[in-house]
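Student: Per this note's numbering, residue 2 is the first one in the sequence shown, and the count goes up by one each step.
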Amino acid sequence: MVKVTLTVNNVKYELDVPPLERLIDTLRYRLGFTSVKEGCGRGECGSCIVLVNGNPVHSCLALTSRLDGAEITTLEGLAPAGKMHAIQVAFIEARGVQCGFCTPGFIMVTKALLDRVSDPDDKTIREWLSSVLCRCGSYPYYFEAVKRAAKYLKEGKVYFDEREVREKYHLKVLAR
């Protein structure tokens, strides 16, 4: 076993993990962050992308034992309780949440992109979003979502009231 300290969504965890345990398994099964999805297990689909020290990382390829001291952000950590991040709202508004399996990966990639480029052009958006595969073919919606999110962030609208968003778009809470 290897002792590691991870800060996940601003909470510090000290864990003993097997040397070859993948980050996706640590996040989902040890810590309960179920937004991290495993699609391919080979780093090709991007459904498992999380931010490690601000960089998008395929968590199915990363070994937890190599991430001692890392800061990790999952979809659950984008906004404080009772709030939704502008990126999440933009994805809802742009209808970029078809089946939803790939959505967390797209949102995390969008977060990393907009942290670096406040007003990305189409080519830049395409390059960044190419790291996630959508089997529903919702790419035009994702482009629109990134543009909307960039607009919100430029306007200083980072967080939205979760209850208001759910009511406005008739969204139900399926699980917590």
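Glycine included, each C-beta is placed from N, C-alpha and C at the ideal position.
Keep in mind it's a predicted model, so treat the numbers as computed, not measured.
Assuming A151 and L115 are in contact, meaning their beta carbons sit under 8 Å apart, how far apart are those beta carbons, in whole angstroms?
Tutor: By one-based count along the sequence shown, residue 151 stands at place 150. By one-based count along the sequence shown, residue 115 stands at place 114. Contact holds; Cβ gap of about 6 Å.
Student: In the DSSP assignment, find the beta strand (DSSP E) that holds M85 and state where it starts and stops.
Tutor: Start at 1 with the first residue of the sequence shown, and residue 85 comes out as number 84. Per DSSP, M85 belongs to the beta strand (DSSP E) from 84-86.
Student: What are the partner residues of F259, as DSSP defines its beta bridges?
Tutor: The structure shown does not extend to residue 259, since the chain spans only 2 to 177, so no value can be given for it.
Student: So if DSSP puts N10 in a beta bridge, which residue, or which two residues, is it bridged to?
Tutor: Counting from 1 along the sequence shown, the entry for residue 10 is found at position 9. Looking at the DSSP assignment, N10 forms no beta bridge with any residue, so it has no partner.
Student: Which value, in whole angstroms, describes the spacing of the CA atoms of L68 and E39?
Tutor: Locating residue 68 in the sequence shown gives position 67, where the first residue counts as 1. Locating residue 39 in the sequence shown gives position 38, where the first residue counts as 1. The straight-line gap from Cα to Cα measures roughly 19 Å.
Student: Below 8 Å between beta carbons: does that hold for M2 and P57?
Tutor: By 1-based counting over the sequence shown, the position of residue 2 is 1. By 1-based counting over the sequence shown, the position of residue 57 is 56. Against a cut-off of 8 Å, the Cβ pair of P57 and M2 comes out as no contact.
Student: Once you ignore the five residues that flank C103 on each side, which residues in its own chain have a CB closer than 6 Å to its CB?
Tutor: Here residue 103 refers to the residue found at position 102 when the sequence shown is read from its first residue. Once the five neighbours on either side are set aside, the close Cβ partners of C103 are S48, V133, C135.
Student: Quick one: give me the first and last residue of the beta strand (DSSP E) that V98 is part of.
Tutor: For the purposes of this step, residue 98 is taken as residue 97 along the sequence shown, with counting starting at 1. Careful: V98 lies outside any beta strand (DSSP E) and carries neither H nor E.
Student: Skipping 5 residues on each side, what residues in its chain have a beta carbon closer than 8 Å to that of P105?
Tutor: The residue given as residue 105 occupies position 104 in the sequence shown. S36, V37, K38, S48, I50, T75, L76.
Student: If you reduce the DSSP assignment to three classes, tell me which class L21 lands in.
Tutor: For the purposes of this step, residue 21 is taken as residue 20 along the sequence shown, with counting starting at 1. In the structure shown, L21 sits in coil (DSSP, three-state: anything other than H, G, I, E or B).
Student: Just tell me which of I25, I73, S139, I88 has its CA closest to the CA of V159.
Tutor: Position 158 of the sequence shown, counted from the start, is the residue given in the question as residue 159. Among I25, I73, S139, I88, the Cα nearest to that of V159 is on I88.
Student: Just reading off the alpha helix (DSSP H) that E145 is part of, what are its end residues?
Tutor: Taking the sequence shown and counting its residues from 1, the one referred to as residue 145 is at position 144. Its alpha helix (DSSP H) spans residues 140-155.
Student: According to DSSP, is R177 part of a helix, a strand, or is it coil?
Tutor: Along the sequence shown, read from residue 1 onward, the residue named residue 177 stands at position 176. Its pLDDT being 47, under 50, R177 is placed unreliably by the model, and nothing is read from it.
Student: Using CA atoms only, rank isn't needed, just tell me which of V18, S60, I25, M85 is closest to E165.
Tutor: Locating residue 165 in the sequence shown gives position 164, counting from the first residue. That would be M85, whose Cα lies nearest to the Cα of E165.
Student: For V5, write down the residues that DSSP places opposite it in a beta bridge.
Tutor: Sequence index remark: in the sequence shown, residue 5 carries index 4 (1-based). Partner(s): L16.
Student: Considering only residues of the same chain and omitting the five flanking positions on each side of K112, which have a CB-CB separation below 8 Å?
Tutor: Here residue 112 is taken as the residue at index 111 of the sequence shown, counted from 1. The answer, listed in chain order, is L52, T74, L79, H86, I88.
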